[in-house]
Amino acid sequence: MITVPFSIQEVCDSGEELLLSAHAVCERVVSLKHAFRDISTGIVALLMERSSQLVCAVVALVELHIPFIIVQQAHDPVSLGARWIFDGEQVSVSVKLFRVFLKLLQLVLLRERFSILSTDVILCSTSFCFDPSIVELFLSFTSGARLLLVPDRVRSQPHLLASILKKYKPTVVQLTPSVLSLLDEATLSWIFGDLSPIRCLLIGGERFPLKLVRLFRTPSNPTRIFDVYGITEVSCWATVAEISHKCNHVAVGTPLRSTLLSVSEESELLIGGTRRCCVNGTWSGEFTATGDVVEEIDGHLVIVGRTDDQTLIHCRFEASPAICGEFIVIGGYDGGVYFLSADTGAVEWRFTCGDVIKAACAVEDNQFVYVPAYNRKLFKINPKSRECVWSCDIRSGSPANAVIVKKCILQTTIKGSVEAIDALTGMHLWIYQVQAPVFSSVTAFDYSGFIGSVDGMITKLSLKNGKKDIATNVREPIFASVSISGKFLYIVTERGSLFIADLMLRIIRHFSFPSCSFVVPVISISHTVLGIISSSGLFIMFSEDIDPFDEISGGGWWVELQERGTTQRLAWTHTASAFDHIILHVVLVRLL
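The sequence shown runs 1 to 592 under the UniProt record's numbering.
Set out below in structure tokens:
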């Protein structure tokens, strides 16, 4: 046995409470180990809701020494490297792969340092996609302390977190400074007051909020407060510093066993030693650069800045940033929309949406920001007044950014809906439903909207009423938005095809690029030159020297394959009917 018996107190989204005794947890683990009995090699993807059943599945896999990854519902487990998928009921063959080794986490040392006892109640509120959640889970697994499992939405709704803390009175709590700063003054005074039930408070993931702690902490506050610091490459936390009542400077802290600290000639903090981590199949080196610049103050290393002009935010981002006035704005997997100063890069404000954000933010007149979240909400945010103007329900989450057309917001979702929303009121104007998921934004042109879906269907809608004008099917999955150049549409597919169509969706040309996969739209480089980027690393410049409809002089089409400054041009002519399909096979040049 790696773990010791522990109990789970689960607070469900509905507010219902579930208490599993240590005996009940053991029974579930035994049952799950039986379900995993045929797994000998490969990674298991846990495609499950946040629940006590998921925690028990983690324990079972740890006991069996089987690597695993916790996958959110919106992700494809196979693309993340999983060979097996467990949905809570059965195992079937089929984010960053983070292999957790018990000895790397130094859990016994952490348990002793924080004085974790079997009588403790450990709050488990961290997202399972964030490495520190492993600390919460394994401290409970190895000490027998009760695990207080709360829903994901608690982190992003300060009043819910405050209610959980006061009602259940956990004795061990781990929070990021961002989450801590969202709590109201009354709750902060309670946490840092004389009667606080929290014995051990771990604060990490960002710069320690010393001013906030000193503002609310009373001289008789019994809570032991720790600044925990580290990076993924050394398996989450690498150093621990206890913050005394009289602390003026937060030092890097004492390295955990087998962890070494070093400072480069540029004053950058390096972390290394025998403790290493395997990320995406690659082991970290002996020393890993943290990007943090340190100075020695009173005999201790203190972080004073970064090695570059970066702002470190401990969150996963998929979307590109956008500019809104004096702010750089980006949404993250933690459900936050971050507003950074365009001058300094400092985080000026964080708005909480409540669930994962994958789409880029859409900006209107440098005043308003529109962003969809995976809790099926579209938000309109005013960064200057720091308020949410409105939020409205949409049918699902979306990795596609909203499109703004004359005070109308167009939003697609992975459930296949195309939704038009009044920018002023947040009220729906119309909804059109396609028969397959949509991962791309609407392309608007002359009061029409063009949408591609994963079943290969291209649909042209009237933006006035949401009615379908016409549709055609290229029979290949479409993940990228339709591009328009001149009077032609350019559609790329996941299988490596480029389709050129007119505005009535009649296919004029079809080019196929073997071994390519296109998931981003065609881009316009100049008046006659288009660019296509394959996920295989190939960049293709595609040019039309004449009208594609010309049936007499032939097609003056050419493709340039570019690699490291060298260019290879392929040219050909065509004199057949304008509506014949042309299949072009080229030798791929991969960008390395």
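Where is the CB? At the ideal position from N, CA and C, for every residue including glycine.
Note that this is a predicted model, so its numbers are computed, not measured.
Notebook entry, point to check: How long is the line joining the alpha carbons of Ile532 and Ser485, rounded to whole angstroms?
Noted result: C-alpha separation (whole angstroms): 14 Å.
Item checked: Spatially closest choice to Lys468 from Lys246, Cys392, Arg350 and Trp430, by CA coordinates -> Minimum Cα distance to Lys468 is reached at Trp430.
Notebook entry, point to check: Between Glu27, Val454, Gly397 and Cys324, which lies nearest to Ala362 when the distance is taken from Cα to Cα?
Noted result: Cys324
Checklist line | Residues bridged to Glu295 (per DSSP) | finding: Val302
Checklist line | Met457 burial status per 10 Å Cβ neighbour count (16 or more: buried) | finding: Answer is buried; the Cβ neighbour count reaches 16.
Notebook entry, point to check: Ser391 lies in the beta strand (DSSP E); which residues open and close that run?
Noted result: Glu387 to Asp393
Note to self: Measuring only the C-alpha atoms, how far is Pro197 from Pro170?
What the structure shows: 7 Å
Next item on the list: Classify Pro521 as helix, strand or coil using the three-state DSSP reduction.
Entry: coil
Notebook entry, point to check: Under a three-way DSSP split, which group does Tyr168 fall into?
Noted result: helix
Notebook entry, point to check: Should Met427 be labelled buried (16 or more other beta-carbon atoms within 10 Å of its own) or exposed?
Noted result: When all chains shown are included, Met427 counts as exposed.
Note to self: Quick check on DSSP: helix, strand or coil for Pro158?
What the structure shows: helix
Check: Beta-carbon separation of Val405 and Ala444 under 8 Å?
Finding: yes
Margin query: Could you check whether Ser453 and Val442 sit closer than 8 Å to each other, using their CB atoms as the reference points?
Written below: no
Next item on the list: Report the rounded CA-to-CA distance for Arg509 versus Gly416, giving the unit in angstroms.
Entry: 27 Å
Next item on the list: Using beta-carbon positions only, say whether Ala22 and Phe6 come within less than 8 Å of one another.
Entry: yes
Next item on the list: Measure the C-alpha to C-alpha separation of Pro372 and Phe216 and round it to an integer number of angstroms.
Entry: Per the coordinates, the alpha-carbon of Pro372 lies some 35 Å from the alpha-carbon of Phe216.
Margin query: Measuring alpha carbon to alpha carbon, tell me which residue in Phe450, Cys516, Phe86 and Phe479 is nearest Ala501.
Written below: Comparing Cα-Cα distances from Ala501 to each of Phe450, Cys516, Phe86 and Phe479, the minimum goes to Phe450.
Margin query: Considering Cα atoms alone, identify which of Val304, Thr187 and Pro399 is closest to Arg376.
Written below: Pro399
Note to self: For Lys460 and Ser448, what's the separation of their Cα atoms in angstroms?
What the structure shows: Rounded to whole angstroms, Lys460 to Ser448 spans 7 Å at the Cα level.
Note to self: Do Pro158 and Leu182 count as a contact pair if the criterion is CB distance below 8 Å?
What the structure shows: yes
Check: Which residue's Cα is closest to the Cα of Ile303: Ala342, Val252, Asn473 and Ile116?
Finding: Val252
Check: For Ile203, which residues does DSSP report across the bridge?
Finding: Leu175 and Asp227
Next item on the list: Using DSSP bridges, identify the partner residues of Leu20.
Entry: Partner(s): Ile8.
Item checked: Identity of the residue in Pro222, Ser51, Leu212 and Phe86 nearest Asp152 by Cα -> Ser51
Item checked: Cβ shell of Ile225 (< 6 Å), same chain only, five flanking positions each side left out -> Leu201 and Ile243
Item checked: Opposing strand residues paired with Trp190 [DSSP bridges] -> None, per the DSSP bridge assignment.
Next item on the list: Take Trp84 as the anchor and find which of Val62, Phe36, Val474 and Ser127 has the nearest alpha-carbon.
Entry: If we check each option's Cα against that of Trp84, Phe36 comes out closest.
Next item on the list: Closer than 7 Å by C-beta to Lys464: which residues in its own chain qualify, once you throw out the five before and the five after it? Chain order, please.
Entry: Tyr447
Next item on the list: Go ahead and label Arg146 buried or exposed: buried means 16 or more other beta carbons lie within 10 angstroms of its beta carbon, across all protein chains shown.
Entry: buried
Note to self: For Asp87 and Leu47, which I take to be in contact (beta-carbon distance under 8 Å), what is that distance rounded to the nearest angstrom?
What the structure shows: 5 Å
Check: Mapping DSSP to helix, strand and coil, what is Thr3?
Finding: coil
Notebook entry, point to check: Excluding sequence positions up to five away, which residues of its chain have a Cβ less than 8 Å from the Cβ of Arg111?
Noted result: Leu139, Thr142 and Ser143
Check: Are the beta-carbon atoms belonging to Val294 and Val250 less than 8 Å from one another?
Finding: no
Item checked: Length of the line joining the Cα atoms of Val11 and Ile271 -> 37 Å
Check: Roughly how many angstroms lie between the CA atoms of Ser163 and Asp13, to the nearest whole one?
Finding: 14 Å
Notebook entry, point to check: What residues in its chain sit with their C-beta under 8 Å from that of Gly354, if we drop five residues either side in the sequence?
Noted result: Arg153, Ser156, Gln157, Gly335, Ala373, Asn375 and Lys377
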